[in-house]
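Visitor: Handing you a structure now.
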Amino acid sequence: MPQVMEFKLPDLGEGLTEAEIVRWLVAVGDVVAIDQPVVEVETAKAMVEVPCPYGGVVTARFGEEGTELPVGAPLITVAVGAETAPGAEPEDSGSGNVLVGYGTDHSRTARRRRVRPGSAVPAVAAAPAPAPAAAVTGPVAVISPLVRKLARDHGIDLRGLRGSGPEGLILRADVEAAVRVPEAPAPAGAPVAASVAVGAVGERVPLKGLRGVVAEKLSRSRREIPDATCWVDADATELMAARAAMNAVGGPKISVLALLARICTAALAKYPELNSTVDLAANEIVRLPSVHLGFAAQTERGLVVPVVRDAQARGAESLSAEFARLTEVARAGKLAPADLTGGTFTLNNYGVFGVDGSTPIINHPEAAMLGVGRIMAKPWVHQGELAVRQVVQLSLTFDHRVCDGGTAGGFLRYVADCVESPAVLLRSL
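To convert, take the position in the sequence shown, counting from 1, and add 163; that gives my numbering.
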């Protein structure tokens with residue numbers, strides 16, 4: 164007799180306690196392979212395809228698309244060992260180890276088969292399947308899950324919207340604009356409903372999901388870390404000229420962010436105090452052997468900080484490629500939790516927003532963050548004469564527990580020296 168196994172929403176790591184069902188990848192009656200993704204969920208940090216550790220016939224699904232489930236709630240039940248369609252390959256009973264919601268082996272071909280009528284499948288009550296959505300074509304069919312959810316939450320029919328994106332694609336801004344359109348005034352004499360919110364003026368936005376995670380992390384940083392900030396203006400003309408020369412010889416393009424990252428790793432080798440964390444329980448400073456470099460990336464879901472592993476071992480070309488790859492994955496909403504954790508130092512290029520300076524909040528539990536403003540032409544005294552140069556403001560926010568101002572100033576001055584004269588960097592390579 165087949166054995167019915169219940170697969171629950173697994174622990175997705177990093178303290179995440181819930182996830183929202185974005186899209187079911189299987190239906191009741193489908194035959195699934197071991198470690199085949201069965202549902203796509205959205206956490207506060209990323210979109211994740213969840214693989215099932217059992218192989219067999221799906222006998223029930225729990226939760227419709229858009230439903231938020233806590234970790235440990237049932238997702239599906241699978242009849243392991245149920246008779247399958249004629250000619251179908253037998254499935255193993257389970258994977259050697261239960262996966263933790265991500266990192267599934269995509270090398271296995273996902274198979275979706277139905278059980279033939281009359282097959283021996285235990286009578287398990289299937290959760291009601293969601294009502295079929297209206298067929299949509301064109302730009303509406305490729306709208307991101309986040310935009311669809313926003314429209315659903317506010318009762319907006321996407322088929323009635325005109326998108327402002329490429330080829331009429333409906334963007335988040337289009338839905339938000341539709342939400343802000345005031346309703347027509349009620350006819351004279353019509354009854355007016357009494358407001359149930361006392362003293363609640365203005366729009367209320369739930370502080371949850373990614374915004375909630377960011378709020379908690381930054382609040383914790385302010386509570387626990389006695390931070391200080393120092394800054395300096397630097398002449399980036401020579402750095403920009405060096406980049407232009409590198410890219411002129413052909414091959415993959417080198418980004419400014421990659422050059423700044425390479426400078427950061429060299430500076431951290433000279434000032435390892437800033438590549439550390441504070442262990443409050445042990446009352447110790449832990450200096451870390453590798454630089455896992457986080458960088459700020461703006462996405463439709465908000466600001467995220469993907470992490471480049473072992474950045475100290477990468478050259479400018481490798482860093483450029485990894486920044487580009489992680490940024491693309493982030494904007495697609497496909498970063499895994501592992502891509503967003505484990506950073507030891509953060510590089511924040513807020514100059515892309517057209518601003519000169521900032522006092523960044525440290526990305527807890529790291530000890531420092533380097534902020535980079537926009538690079539722009541300014542009057543500058545160069546070799547004793549007034550000239551127009553490419554100037555950038557650099558700011559370093561650091562945990563005053565791990566070092567004093569002398570160390571922080573030394574780090575920032577070294578970074579500025581490398582920006583002004585890239586040949587300084589060659590001495591440490």
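Note that the Cβ used here is the ideal one computed from N, Cα and C, for glycine as well.
Predicted model only: the values in this text are computed from it and were never measured.
Between the alpha carbons of A530 and F508, how many angstroms are there, rounded?
Guide: Distance between the alpha carbons of A530 and F508 is about 7 angstroms.
Visitor: Among residues of its own chain, excluding the 5 on either side of H455, which ones have a beta-carbon nearer than 6 angstroms to its beta-carbon?
Guide: Excluding residues within five positions, the ones whose Cβ falls inside 6 angstroms are V470, R472, G505, G506, T507.
Visitor: Just verifying my parser: in three-state terms, what is the DSSP assignment at P165?
Guide: If DSSP states are grouped into helix, strand and coil, P165 belongs with coil.
Visitor: Under the DSSP definition of a beta bridge, which residues are partnered with I333?
Guide: Note: I333 sits in no beta bridge, so no partner.
Visitor: Measuring alpha carbon to alpha carbon, tell me which residue in V305, E401, T462, A579 is nearest L373.
Guide: Considering only alpha carbons, the answer is T462.
Visitor: Smallest Cα separation from E366: which of E339, D390, R385, R383?
Guide: Minimum Cα distance to E366 is reached at E339.
Visitor: Determine contact between the stretch 551–566 and the stretch 382–394, defined as no fewer than three beta-carbon pairs at a distance below 8 angstroms.
Guide: Enough Cβ pairs lie closer than 8 angstroms, so yes.
Visitor: My assumption, with CB atoms under 8 angstroms, is that R465 sits in contact with V377. Please give the rounded CB distance.
Guide: According to the sequence provided, residue 465 is Gly. The question's Arg does not apply to it. Correct: roughly 7 angstroms between the Cβ atoms.
Visitor: Counting C-beta neighbours from all protein chains within 10 Å, is the total for T230 16 or more, i.e. buried, or is it exposed?
Guide: The residue in question, T230, is exposed, as its Cβ has fewer than 16 Cβ neighbours within 10 Å.
Visitor: Have a look at the DSSP bridge pairing and note the partners of H545.
Guide: According to DSSP, H545 bridges with E548.
Visitor: Take V191 as the anchor and find which of V467, R425, A550, V221 has the nearest alpha-carbon.
Guide: Residue V221 is the option with its Cα nearest to V191.
Visitor: Assign G547 to one of two classes, buried (16 or more other C-beta atoms within 10 Å of its C-beta) or exposed (fewer than that).
Guide: Exposed: under 16 other Cβ atoms inside 10 Å.
Visitor: Could you tell me the distance, in whole angstroms, from the CA atom of R494 to the CA atom of A432?
Guide: The alpha-carbon atoms of R494 and A432 are separated by roughly 31 angstroms.
Visitor: Please go through the same chain and pick out, in chain order, the residues whose beta-carbon is closer than 8 angstroms to the beta-carbon of V263, but skip the five residues on each side of it.
Guide: Low local confidence applies: a pLDDT of 36 at V263 is under 50, so the model's placement there is unreliable, with the coordinate-based value given in what follows. The answer, listed in chain order, is P173, D174, L175, G176.
Visitor: I need the straight-line Cα distance from K416 to L402, nearest angstrom please.
Guide: Approximately 15 angstroms between the Cα atoms of the pair.
Visitor: With respect to the alpha helix (DSSP H) encompassing N410, which residues constitute its N-terminal and C-terminal limits?
Guide: 400–411 is the extent of the alpha helix (DSSP H) around N410.
Visitor: Using the Cα positions of P516 and G496, report the straight-line distance between them to the nearest angstrom.
Guide: At residue 516 the sequence reads Phe, which differs from the Pro that was named. Each residue's alpha carbon lies about 21 angstroms from the other.
Visitor: According to DSSP, what are the bridge partners of C393?
Guide: BP columns for C393 point to L559.
Visitor: Around the C-beta of E227, are 16 or more other C-beta atoms found within 10 angstroms, so that it is buried, or is it exposed?
Guide: By the 10 Å Cβ count, E227 comes out exposed.
Visitor: Under the three-state reduction of DSSP, which class applies to C581: helix, strand or coil?
Guide: Correct three-state label for C581: helix.
Visitor: Can you tell me the Cα-Cα spacing of V167 and M210, whole angstroms?
Guide: If I take the Cα positions, the gap works out to 28 angstroms.
Visitor: So, L420 versus V468, is the Cβ gap smaller than 8 angstroms?
Guide: The answer is no: Cβ separation not under 8 angstroms.
Visitor: Let me know the beta strand (DSSP E) ranges lying completely inside the stretch 406–488, each 3 residues or longer, listed in chain order.
Guide: As far as the stretch 406–488 is concerned, its whole beta strand (DSSP E) runs of at least 3 residues are 439–442, 447–450, 456–458, 460–462, 465–467.
Visitor: Quick check: the stretch 426–442 against the stretch 563–578, are there 3 or more CB pairs under 8 angstroms?
Guide: Yes: at least three Cβ pairs fall under 8 angstroms.
Visitor: Going by DSSP, which residues form a beta bridge with P214?
Guide: DSSP, once it has assigned bridges, lists P200 as partnering P214.
Visitor: Decide if E205 is buried, meaning its Cβ has at least 16 other Cβ atoms within 10 Å, or exposed.
Guide: Counting Cβ neighbours within 10 Å, E205 comes out buried, since at least 16 surround it.
Visitor: DSSP three-state label for L575, please.
Guide: If DSSP states are grouped into helix, strand and coil, L575 belongs with the helices.
Visitor: If you reduce the DSSP assignment to three classes, tell me which class V305 lands in.
Guide: It is helical.
Visitor: Give me the residue from V234, N410, A223, T240 with the minimum Cα distance to Y217.
Guide: The candidate whose alpha carbon is nearest that of Y217 is T240.
Visitor: So what's L503 in DSSP terms, helix, strand or just coil?
Guide: If DSSP states are grouped into helix, strand and coil, L503 belongs with the helices.
Visitor: Go ahead and label L557 buried or exposed: buried means 16 or more other beta carbons lie within 10 angstroms of its beta carbon, across all protein chains shown.
Guide: Buried: at least 16 other Cβ atoms inside 10 Å.
Visitor: Could you pull the DSSP bridge partners for I598 from this structure?
Guide: Residue coverage of the chain in this structure runs from 164 to 592, which leaves residue 598 outside it and unanswerable.
Visitor: Which one or two residues does DSSP pair with D519 in a beta bridge?
Guide: Its beta-bridge partners do not exist; DSSP assigns none.
Visitor: Determine the DSSP secondary structure at R564, reduced to helix, strand or coil.
Guide: Here R564 sits in coil by DSSP.
Visitor: Helix, strand or coil: how does DSSP classify G375 here?
Guide: Helix.
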